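Chemist: Got a structure here, written out as structure tokens. Questions coming.
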Amino acid sequence: MPIHLVLTVIGRDRPGLVSAVSETITAGGGNWLDTRMASLSGQFAGMLLVAIAPEKADALVDSLRKLEAQGLRFIIEKSDEPAPAAGRALRLELVGLDRPGIIRDISHVLAAHNVSIAELESECVSGSFSGEAMFKAKARLTLPDDVHLDDLRQSLEAIAHELMVDLILEDNPESAS
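For this note's numbering, add 770 to where a residue sits in the sequence shown, where the first one is 1.
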């Protein structure tokens with residue numbers, strides 16, 4: 771039964787980084803399962819999930835550490851595959867004028883309702899008509915079975931009004947198994 775390695779990697783962005791990491795994983799007997807990667811302000815940042823036989827895990831970690839000589843930094847954790855969080859899958863989207871604290875305030879409401887954030891993406895873009903900085907975010911959430919969707923929606927709409935952002939909260943059938 772394979773185990774999982776959860777890797778975070780960061781380094782100055784340049785061509786060939788993904789190739790070097792993927793070659794090391796394959797050569798070490800790992801299977802690249804899931805990834806989130808981006809170039810952010812000249813830095814390459816990635817999160818990866820790798821499956822590997824338990825007896826090969828330490829050697830793969832050592833091989834990945836050798837890539838640090840090329841300017842990459844790794845955080846690597848061994849993990850058993852967790853059971854999916856029980857609850858209702860939701861999708862959250864918001865957009866509004868950019869200002870500090872939007873994610874802090876929205877995540878505070880989610881935490882108060884015990885809602886798990888499975889995935890979060892955000893970006894700042896130029897408004898199409900005004901040219902002002904607009905903040906956009908998308909999230910996949912898991913609503914616990916004992917929390918009512920209407921209660922969460924009411925709390926999120928109240929904070930969205932304060933933040934002056936448009937917010938959509940709806941079932942996420944793509945996350946259903």
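Where a beta carbon is used, it is the ideal one built from N, C-alpha and C, also for glycine. Keep in mind it's a predicted model, so treat the numbers as computed, not measured.
1) Among M904, L819, L787, which has the Cα closest to the Cα of V895?
2) Between the alpha carbons of G816 and L787, how many angstroms are there, rounded?
3) Could you pull the start and end residues of the alpha helix (DSSP H) that E927 belongs to?
4) Is there at least one Cβ from chain C nearer than 9 Å to S900's Cβ?
5) Which residue wins for smallest C-alpha separation from D941, given the options L775, P772, V791, R858?
6) Work out the CA separation of H918 and L911 for me, nearest whole Å.
7) Between L803 and I773, what straight-line distance do the alpha-carbon atoms span, to the nearest angstrom?
8) Indicate whether L834 and I795 have their beta-carbon atoms separated by less than 9 Å.
Modeler: Straight from the coordinates:
1) M904
2) 10 Å
3) 919 to 933
4) Checking the listed chains, one finds no chain C in this structure; it contains a single protein chain.
5) R858 is the residue among L775, P772, V791, R858 whose C-alpha sits nearest the C-alpha of D941.
6) 14 Å
7) Put simply, the backbone Cα of L803 is about 12 Å away from that of I773.
8) yes
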